Structure formats: structure tokens, C-alpha cells
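Trainee: For the sequence shown, the numbering used here assigns the number 810 to the last residue and increments by one with no breaks.
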Amino acid sequence: MWYSYMIRPRHSSGLSLSLVLFLISAPAFSQSTAASTTPAPLAYKDSQGLWQPTAVSTPLDANGVPLVPSYKGSDGQWHSPSVGVAACGVNASGDPLLCEAASTSTFIARSAMEQPLGVAALDASGRVYAPVLSNALDVLSTMTSQSTPALSFASPTTDNGNVVGAIADGWANPNALILGGQYGEDGGNANRPSNTGAQMILRGVPDGPNDLGCLDCAVATDVPFFDSRAGLNSSFTTSSAIAAYGSLDGSVRYSQAGSTTPRVVVQGVSYDGNRIYMPNCAPGSTGTCVPLTAHQIRQLHTNEYLTTNSLDSHETTHSASLSDASGSVRGTDTYVSWITAWDPAGTYIDVAGWGILGSGRQMDSGETPQGRTLDTAFSQYATQTIFVGVTTQSLAHNSVISYNPGDNPDSQVHTVAGDEMDFWYYGTDNAQAHVNGLLLSFSCKGNADAGSGNCKYNWDSSSYAIQINGVGLTHGIENYMPMGSAEYEGYNMFVPSNGGNGANVGDKHLFFNFTNKVDTVGGTGGNALLLGAWEQREDTSATGWAHHSVRLGLNIDGTPSVASGVTGGQDEAQIAWDYPGYVNGLCLLGYQGASQGLCTAGDGESYFVNGVHNTSYFTGGWFSSAVQDLTMSQIENASHSNSDFTYCADCLGALSTAPGAYVKLTNGTWTDMSGGPIISGSGAAAPTLVARSGMLSLASGTTRPSSISMASLWGADAQTIEVVGPWGDGYLKAAGILVSGTTSAATFATVTQSTTMSAIMSASHSEGDRVWCHDCRNGGQAAHAGTGRWVYLDSASAWRTDDGALALE
Numbered sequence: 002m003w004y005s006y007m008i009r010p011r012h013s014s015g016l017s018l019s020l021v022l023f024l025i026s027a028p029a030f031s032q033s034t035a036a037s038t039t040p041a042p043l044a045y046k047d048s049q050g051l052w053q054p055t056a057v058s059t060p061l062d063a064n065g066v067p068l069v070p071s072y073k074g075s076d077g078q079w080h081s082p083s084v085g086v087a088a089c090g091v092n093a094s095g096d097p098l099l100c101e102a103a104s105t106s107t108f109i110a111r112s113a114m115e116q117p118l119g120v121a122a123l124d125a126s127g128r129v130y131a132p133v134l135s136n137a138l139d140v141l142s143t144m145t146s147q148s149t150p151a152l153s154f155a156s157p158t159t160d161n162g163n164v165v166g167a168i169a170d171g172w173a174n175p176n177a178l179i180l181g182g183q184y185g186e187d188g189g190n191a192n193r194p195s196n197t198g199a200q201m202i203l204r205g206v207p208d209g210p211n212d213l214g215c216l217d218c219a220v221a222t223d224v225p226f227f228d229s230r231a232g233l234n235s236s237f238t239t240s241s242a243i244a245a246y247g248s249l250d251g252s253v254r255y256s257q258a259g260s261t262t263p264r265v266v267v268q269g270v271s272y273d274g275n276r277i278y279m280p281n282c283a284p285g286s287t288g289t290c291v292p293l294t295a296h297q298i299r300q301l302h303t304n305e306y307l308t309t310n311s312l313d314s315h316e317t318t319h320s321a322s323l324s325d326a327s328g329s330v331r332g333t334d335t336y337v338s339w340i341t342a343w344d345p346a347g348t349y350i351d352v353a354g355w356g357i358l359g360s361g362r363q364m365d366s367g368e369t370p371q372g373r374t375l376d377t378a379f380s381q382y383a384t385q386t387i388f389v390g391v392t393t394q395s396l397a398h399n400s401v402i403s404y405n406p407g408d409n410p411d412s413q414v415h416t417v418a419g420d421e422m423d424f425w426y427y428g429t430d431n432a433q434a435h436v437n438g439l440l441l442s443f444s445c446k447g448n449a450d451a452g453s454g455n456c457k458y459n460w461d462s463s464s465y466a467i468q469i470n471g472v473g474l475t476h477g478i479e480n481y482m483p484m485g486s487a488e489y490e491g492y493n494m495f496v497p498s499n500g501g502n503g504a505n506v507g508d509k510h511l512f513f514n515f516t517n518k519v520d521t522v523g524g525t526g527g528n529a530l531l532l533g534a535w536e537q538r539e540d541t542s543a544t545g546w547a548h549h550s551v552r553l554g555l556n557i558d559g560t561p562s563v564a565s566g567v568t569g570g571q572d573e574a575q576i577a578w579d580y581p582g583y584v585n586g587l588c589l590l591g592y593q594g595a596s597q598g599l600c601t602a603g604d605g606e607s608y609f610v611n612g613v614h615n616t617s618y619f620t621g622g623w624f625s626s627a628v629q630d631l632t633m634s635q636i637e638n639a640s641h642s643n644s645d646f647t648y649c650a651d652c653l654g655a656l657s658t659a660p661g662a663y664v665k666l667t668n669g670t671w672t673d674m675s676g677g678p679i680i681s682g683s684g685a686a687a688p689t690l691v692a693r694s695g696m697l698s699l700a701s702g703t704t705r706p707s708s709i710s711m712a713s714l715w716g717a718d719a720q721t722i723e724v725v726g727p728w729g730d731g732y733l734k735a736a737g738i739l740v741s742g743t744t745s746a747a748t749f750a751t752v753t754q755s756t757t758m759s760a761i762m763s764a765s766h767s768e769g770d771r772v773w774c775h776d777c778r779n780g781g782q783a784a785h786a787g788t789g790r791w792v793y794l795d796s797a798s799a800w801r802t803d804d805g806a807l808a809l810e
């Protein structure tokens, strides 16, 4: 506001002071200067209560012409205003000085404040306190100081910077935009239209993601923004790119992160404690100091990350490879820190201290980076180099959710969640739209191996798409899908949802399926081996599990299906639980599951339903025949292969005492299981050992086998006794024979002639046992010079010779 006092004569008496008001904003006004819409007062009431005319004054424009040439007074007549010049001082000669010449201040009429085409009003601190409504708001990117953000939206703060009514961290330079901590005006009146309960609202309709592909676009890469838009349709610069995309994408929220260039890279630095000197700027340096440039200094701020190319001085060996022996990317083993201060002249940077990421050790006192060993894997600088404004891990999104009732005892939050996505389908028919819940897409841009469809170079071997670190968590993944859905599906694994409800015999529902490709070339050709388990309805006479089998089988080149198991391809052999006729049991099924092999019933008995081919031998307690009435004649008339065996109801084996024996086909001839002759219903005769009243006798016959097994006589002692050699001069060999009567023979022989006295004494024997002793003494033989004799064990557990003397070596 500027006041001008002019002296004018009064008609009645004396002189009076007339008030002159006018607006000055420049040395002279132009014709385009906007005027207020408020009419100027043409009269005013003086101290005596009399109305006096107001002297209307006007300034000169840029051409020296009065800005207002005339005006209509209260008398309805046109008058010429007086011309006033704003003087704010006098010079040494007493000449008036224009305000513009004496000061750079601009004078604004109070009536022009907070008015259309006027100016915004400021409070005593110079802040705009009236709402600012603008179609566009440009904020200069040039920072005026190191402690002022370019643009800040926040609640009123106290003198110490804390948000009123809340705990504030106080932002750290440089932040371009701060949002947060707003409270509703008028005591938080919820009825005010501006009280939305949100800190920031972006309205994406009608435009928004339709131009750059995203509404909320956060990009932290060195790629120009348009070229990096959402990875959405960034190649839509020419119409030729349309065919490469399947959709016109629009993302409400988009984040893109990647490898970024450091803000400042300086070579040839030196270190002194926690201070980094620029090249030749350290005390005592003889070269020319090369400080940071003004541009580089503007890139610095406190808490900014800083790394070096100096390797850990505690490590004696360093790898030049990007990865370790396991194929995982090698960790950052160079010294890192963050900035705490810097020299305004740019000769040094101070850091908080030094450390090696992931080393797990505290730095030694005074330990600093050194230049003896420099990293050559992730950088190629030959001198000590710093990288300012860097990260070693780039995250597109990171959420930290905490629950701490100790710090927040009044909190009513008892459930926390990460990201939740709700998809609502209001379609009027099936398959009107496609939905992707969560898509993780990994590719090798520019590094595809030609012709293979695979990556020429890959991420490191420990990379993963999803990792669940579930300390204290009871469930990793919960998946509840309705019937008819696939809960998991991939190249290798296919798991449908729970629930099989096939109504017809043979209907299937998969439990799971695993697929492996073999003999593929370039990702194509070869065969697919599908190993799966499924439920299969076996009959429709009733409901319940007993009318369904569960099968495990292999299919070649089929396709897993939610609705019908594996379709197409070629089914191989199968394992079936609860196969018809074997409820509670298990069966091995042949090709395509069409024929039974071995089945074990619920009681544990096993059945070879379609025959057994034995290439070696069977061991076990016993074998039972499923068919007990086959005669030799029926067996001989059936189709058999060499080594087939079966039960013959009217056959006598070599050691049989009654009809009924197992027989085996050997080179076209049926024999007993030991290879001996059989007596069958056809009347064939063969020599047989018969046991009667504890005695052994040899039946007459024409055929004399070299040996006869006693297995069919003594069951559990099978293979322990046999008659060896021709009938006339053979002998009986046994692991042990118990005789209740008298045994007589022309000659008694020992099977083992080399058993010594010490071996006999260390073995287990019973009273009366008789053994040949290889080194026992006879009469007159010296100690340890015995030539052997028979010995027996008496009731006192002493070994004696036949003459009653103690057996000696």
C-alpha cells in the first residue's frame, strides 16, 4: 500500500489534505494492467464528519501518458484525474526519487489480494495460506538449499519439524515430494468435502493409464520414461509393433526398477579414516588437487550410499569371476558406507565408517579401504574408485508389515496382511474375459539362443521366482480351488482341485501328474513321460470308496486333464489299490491296466492271476496254488514254457507219500521241483525215498537220479539233507540228522577234516556230540603234534577221546 498526500485549496477556508490511492507494480503501468472490480471511493468523511471529495490520481503508462485520462465523478460530470508520481526518497539535491529507483519492492493493492486476476496472500512467514487452484503446477528442479524439498505437502509442523499431533521422522534431503500426515480442518470435521480419509488420490478416468500405459508410474531406471512405461506397450512407437502384442495394456500402479548408473564416479581417490579425498587433495599430496565439480557436488546428500572397488583386506584370495562355485552371483566384498558430510569446495567426502556387506565381522579400529587388491569382476578401474548414489539390490516393491502390541497397547489391529487382490466377475456368460491373478515373467532380453527358444545366458543358480521364508508360519501356501479347476499346472507338475465325481465306469479324476520330456531337440520333438495317480470308478452298483480304485501309472505322450485324467497317449503298466475283487488289497496290472499280474488281497495272500515265469528261484515260507484240481493230463495239454511250474493234483514227486505235488517243465519234461522224476496218474514209475515210522527206505524204480532233495519231507529243513551219488554207492549228506534208534554203517566219514580243537571248543555243542578233531593227540604223540582223532562232549562239558582221556592238542 502506498500513500500520497497532496495539498489542495478549499472553497471555505484554509487548506486540507486529500488522500491519493493508486497501485504501483512497475516504474510505469502498461495499458494491459488489470484493474480491480471494486469502484474507487469518490468522497470520504473527514474528522469533523463532513464529506470531502476524493482526489483521484493516476500513474503514467510506459509512454508517459496518464493511465486513466478521465473519470465520471459523483456529480455525473467527467473530470480529469491528477497525475501522481510515487516518490520514496530524495537525493542529495533534494530531488524526489521514484520508488522503483530506490527499492526493488513491488507494491500491491490490498483489494487485489485473494481476488480473481489478483494475487495470493501470504502469511507473516511468507507462506500462501489461501487454497491454490491451478490447472498446472510447475516446480523448479533447481534446489535452493540442501535442506529444502522442491515440493512438500504435509501437516502443520512445530518448530522442531515434527508434525502436529503425530510422530514425524522429518524428511531427509533431497525429496521432491512429501505427502502425509494431513488432518481435516475445523477439528477434523468429517463433513468437509476435502476430508476423503486418503493422503493422495489419483483419478484415472477418463484418462490416466491410456497414454503412457500407467496411472501411478514409478520408474527408477536410466531408461527414458516413455521407453520404460510399465513394460506394457513401450514399443508402440510405430504401427508395425502392434502385431507383437496381444493387448493394449493399462496399469493403475506400475513400478520399474533396474540397474542404475551411479550419480558420481571418481577415480584416483585416497582414504584417511572416514574421509575420502579427491585425487591429489589429501594433505601432503604433491599433485594438483582435482576437486568435485559443481555438478557433482549437487548430486551429494547425507545418507547417500557409497561403494568402492577396494576388496576386503582380510581376504587373501579374490575371485575375478562374477559367480561362485555353485553358480550363484558373488556377493559384494568391497568396502561400502554412506555420506555424512562433504567439503563445500569438493575436496573430500566424509562417511559414517566402513564395512563389507554380508561379511559378519566388525571392522578393525582404523580399518579403511586399500588399493592393494581392486575388484575386477564388477568394475574395471585400475585405481581406487568410489561410486556415489548406488544400490546393490534394486527392488520394485518392498512391504514391511509389523505387529507389535508392546509398543501399541491400545491398537485394535489383530490381523495383518500383505497384498490382497480381489477379482469380481460380473460376466453374463462363461469365458467372456481372461484373468491373471499374479504373473511372474522372466526373460533374457537380447540374449536368446538362436533356434532353441532358451536363454543363452541365465540368472544365477540360486535365483527363484517365489520364496517363502516361513519362520513361525504354520502354512506356506493354501490353495482352495473348486471342482473342475487345476490348483497347480506347469511343464512338469499338474495338480487338479480336490473332488472326483465320475458317474460312469472308467471315469477318472487325477490326484497329480508329473511330466518329463526325453530326447527333445531345441525344445521340440521327443516323448513326454507322464507319471500320475488317479481315482477311477470301477462299478456303479453303489456309492462309496470301495467302488473306486486308486491307480498309479505311466503314460506316453498324453495330456493331463482336470475332467478326465490323462487323455490320449499310451498307457503303460499300473499299480491299483482296491481293484475289483481285491478291496483293501493291491494289484500290479499289465499294459494299459487291462490284465492282472500279482494281486495281494486284504488278508495278505497273494495271487498270480496270469501265471509266473521264474528265471531264478523263489524263497519263502510256502507257496499256495490258486487252482488245486489240475491233473497231469490237463497240465500237459495246456500251453507252457520252459521252467513253468504248477500244482499237479494226481502227481507224486520223488519224495511224495501222497498224490499232489508241484511240478516243473524242464527242457520239455515235467519233473518235481528238484528235477527228479514224478509218478503221475499215467502210471510212470520212479524211485522214491519214503519216510515211515522214522525210517528211510528207497522205493524201487528204473531211474536213478544223482540226488534226491528231502525238502518235501521235512519242509522247514528243506535243502539240509539229500542222497548223493548212484543208488548203489551213494551216501547221505545232511546238515544235521536226529536218530532215535540205532544207526549202523560200514563207514562213518566227516564232511570237514580240518576242524581243530580250539575251533571245536569255541563252537556251540551239546552233550554227546561227536566231532572229528584234526589236531588232537593220539597215544605217545607230543604236544601240538597230534594227527587227529574222534572226540565227544561229556556231561561235564569236557571233550574226551574214545578211551575216556581228555582230548588234547
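Glycine residues also receive a C-beta, built at the ideal position from the N, C-alpha and C atoms. If you're wondering where the values come from, they're calculated on a predicted model, not measured in any experiment.
Using alpha carbons as the reference points, say which of 534, 518 and 535 lies closest to residue 1.
Mentor: Since the first and last residues shown for the chain are 2 and 810, residue 1 lies out of range.
Trainee: Tell me the DSSP bridge mates of residue 219?
Mentor: For this step, residue 219 is matched to residue 218 along the sequence shown. DSSP lists 256 as partners of residue 219.
Trainee: Assuming the contact rule is C-beta atoms closer than 8 Å, residue 594 and residue 538 should be a hit. Round their C-beta distance to whole Å, please.
Mentor: Here residue 594 refers to the residue found at position 593 of the sequence shown. Here residue 538 refers to the residue found at position 537 of the sequence shown. The Cβ separation is near 14 Å, so there is no contact.
Trainee: Have a look at 329, 350, 82 and 257 and flag the residue whose alpha-carbon is nearest the alpha-carbon of residue 280.
Mentor: Residue mapping note: residue 280 aligns to position 279 of the sequence shown, counting from 1. The option with the nearest alpha carbon to residue 280 is 350.
Trainee: Can you give the Cα-Cα distance for residue 267 and residue 307, rounded to whole angstroms?
Mentor: Mapped onto the sequence shown, residue 267 falls at position 266. Mapped onto the sequence shown, residue 307 falls at position 306. If you take the alpha carbons of residue 267 and residue 307, they lie about 11 Å apart.
Trainee: Among residues of its own chain, excluding the 5 on either side of residue 336, which ones have a beta-carbon nearer than 6 Å to its beta-carbon?
Mentor: For the purposes of this step, residue 336 is taken as residue 335 along the sequence shown, with counting starting at 1. Closer than 6 Å at Cβ, skipping near neighbours: 309, 311, 355 and 370.
Trainee: Decide yes or no for the touch test of the segment 243 to 260 against the segment 286 to 296: beta carbon pairs closer than 8 Å, at least 3 of them.
Mentor: Verdict: no, contact absent.
Trainee: In the DSSP assignment, the beta strand (DSSP E) including residue 510 goes from what residue to what residue?
Mentor: Counting from one through the sequence shown, the residue named residue 510 turns up at place 509. Looking at the DSSP string, the run of the beta strand (DSSP E) that includes residue 510 is 509 to 519.
Trainee: Using CA coordinates, which residue listed in 480, 334 and 283 is at the minimum distance from residue 347?
Mentor: By 1-based counting over the sequence shown, the position of residue 347 is 346. The shortest Cα separation from residue 347 among 480, 334 and 283 belongs to 283.
Trainee: Ordered along the chain, which non-local residues of its own chain (more than five positions away) have a Cβ less than 6 Å from that of residue 652?
Mentor: For this step, residue 652 is matched to residue 651 along the sequence shown. Around residue 652: 633, 662, 664, 679 and 681.
Trainee: Measuring only the C-alpha atoms, how far is residue 315 from residue 272?
Mentor: Residue 315 sits at position 314 when you count from the first residue of the sequence shown. Residue 272 sits at position 271 when you count from the first residue of the sequence shown. Roughly 17 Å separates the two Cα atoms.
Trainee: In angstroms with no decimal places, state the Cα-to-Cα distance between residue 275 and residue 244.
Mentor: Here residue 275 is taken as the residue at index 274 of the sequence shown, counted from 1. Here residue 244 is taken as the residue at index 243 of the sequence shown, counted from 1. Those two C-alpha atoms are separated by around 56 Å.
Trainee: Do you know offhand how far residue 821's Cα is from residue 496's?
Mentor: Any property of residue 821 remains undetermined from this structure, which presents the chain solely from 2 to 810.
Trainee: So for residue 608, helix, strand or coil by DSSP?
Mentor: Taking the first residue of the sequence shown as position 1, residue 608 is located at position 607. DSSP places residue 608 in strand when its eight states are reduced to three.
Trainee: Compare the C-alpha of residue 670 against each of 660, 650 and 645 and name the closest.
Mentor: Taking the first residue of the sequence shown as 1, we reach residue 670 at position 669. Minimum Cα distance to residue 670 is reached at 645.
Trainee: Ignoring anything shorter than 3 residues, give me the beta strand (DSSP E) runs that lie fully in the segment 524 to 597, in order along the chain.
Mentor: Counting only runs of 3 or more, we get 528 to 538, 549 to 557, 560 to 562, 566 to 568, 571 to 578 and 587 to 590.
Trainee: DSSP on residue 693, reduced to helix/strand/coil?
Mentor: The residue labelled residue 693 in the question sits at position 692 within the sequence shown. For residue 693, the pLDDT reaches just 31, beneath the cut-off of 50, and the residue's location in the model is therefore unreliable, leaving the point undetermined.
Trainee: Just list the residues that DSSP pairs residue 673 with in beta bridges.
Mentor: If you number the sequence shown from 1, residue 673 lands on position 672. 664, per the DSSP bridge assignment.
Trainee: Kindly list the residues whose CB is nearer than 6 Å to the CB of residue 269, restricted to its own chain and excluding five residues on each side of it in sequence; keep chain order.
Mentor: The residue labelled residue 269 in the question sits at position 268 within the sequence shown. Here the set comprises 280 and 384.
Trainee: What distance in whole Å lies between the Cβ atoms of residue 509 and residue 535, which are believed to be in contact at a cut-off of 8 Å?
Mentor: Translated into the one-based positions of the sequence shown, residue 535 becomes position 534. Translated into the one-based positions of the sequence shown, residue 509 becomes position 508. Indeed they touch by this definition, with Cβ atoms about 5 Å apart.
Trainee: In or out: residue 606 buried (at least 16 other Cβ within 10 Å) or exposed?
Mentor: If you number the sequence shown from 1, residue 606 lands on position 605. By the neighbour-count rule (16 or more Cβ atoms within 10 Å), residue 606 is not buried but exposed.
Trainee: Please confirm whether residue 68 and residue 59 have their CB atoms less than 7 Å apart.
Mentor: Along the sequence shown, read from residue 1 onward, the residue named residue 68 stands at position 67. Along the sequence shown, read from residue 1 onward, the residue named residue 59 stands at position 58. It is a contact, given that the beta carbons lie within the stated cut-off.
Trainee: Based on the DSSP output, what are the partners of residue 649 in its beta bridges?
Mentor: Residue 649 sits at position 648 when you count from the first residue of the sequence shown. Beta-bridge pairing links residue 649 to 662.
Trainee: Would residue 303 and residue 277 qualify as a contact pair, given that the criterion is a beta-carbon distance under 7 Å?
Mentor: For the purposes of this step, residue 303 is identified with residue 302 of the sequence shown, where counting begins at 1. For the purposes of this step, residue 277 is identified with residue 276 of the sequence shown, where counting begins at 1. No.
Trainee: Roughly how many whole angstroms lie between the Cα atoms of residue 463 and residue 325?
Mentor: As a position in the sequence shown, residue 463 is number 462, starting the count at 1. As a position in the sequence shown, residue 325 is number 324, starting the count at 1. So the two alpha carbons sit approximately 11 Å from each other.
Trainee: Whose CA, out of 264, 660, 345 and 540, lies closest to the CA of residue 649?
Mentor: To locate residue 649, count along the sequence shown from 1; it is residue 648. Among 264, 660, 345 and 540, the Cα nearest to that of residue 649 is on 660.
Trainee: Drop a sphere of 10 angstroms on the beta-carbon of residue 758, count the other beta-carbons inside from all chains shown, and report buried for 16 or more, exposed for fewer.
Mentor: Counting from 1 along the sequence shown, the entry for residue 758 is found at position 757. Residue 758 comes out buried.
Trainee: Would residue 74 pass as a contact of residue 123 if the rule is Cβ separation under 7 Å?
Mentor: Reading the sequence shown from its first residue, position 73 is the one you call residue 74. Reading the sequence shown from its first residue, position 122 is the one you call residue 123. Cβ atoms of residue 74 and residue 123: not closer than 7 Å.
Trainee: Please name the residue in 55, 362 and 396 whose C-alpha comes closest to that of residue 220.
Mentor: For the purposes of this step, residue 220 is identified with residue 219 of the sequence shown, where counting begins at 1. The shortest Cα separation from residue 220 among 55, 362 and 396 belongs to 396.
Trainee: Among 81, 125, 99 and 566, whose alpha-carbon lies nearest the alpha-carbon of residue 89?
Mentor: In the sequence shown, counting from the first residue as 1, residue 89 sits at position 88. When each option's Cα is compared against that of residue 89, the closest is 99.
Trainee: Taking the Cβ atom as the reference point for each residue, do residue 1 and residue 567 lie within a distance shorter than 7 Å?
Mentor: Because the chain here runs from 2 to 810, residue 1 falls outside it and cannot be looked at.
Trainee: Pick from 601, 603, 672 and 602: whose alpha carbon is nearest that of residue 636?
Mentor: In the sequence shown, counting from the first residue as 1, residue 636 sits at position 635. Closest by alpha carbon: 672.
Trainee: If you run the structure through DSSP and keep just helix, strand and coil, what is residue 121?
Mentor: Here the question's residue 121 lines up with position 120 in the sequence shown. Here residue 121 sits in coil by DSSP.
Trainee: If I measure Cβ to Cβ from residue 891 and keep anything under 7 Å in the same chain, skipping five residues before and after, which residues do I get?
Mentor: A question about residue 891 goes unanswered here, because the residues of the chain that appear run from 2 up to 810.
Trainee: Assign residue 482 to one of three DSSP states: helix, strand, or coil.
Mentor: What you label residue 482 is simply residue 481 of the sequence shown in a count that begins at 1. Residue state, collapsed to three classes: coil.
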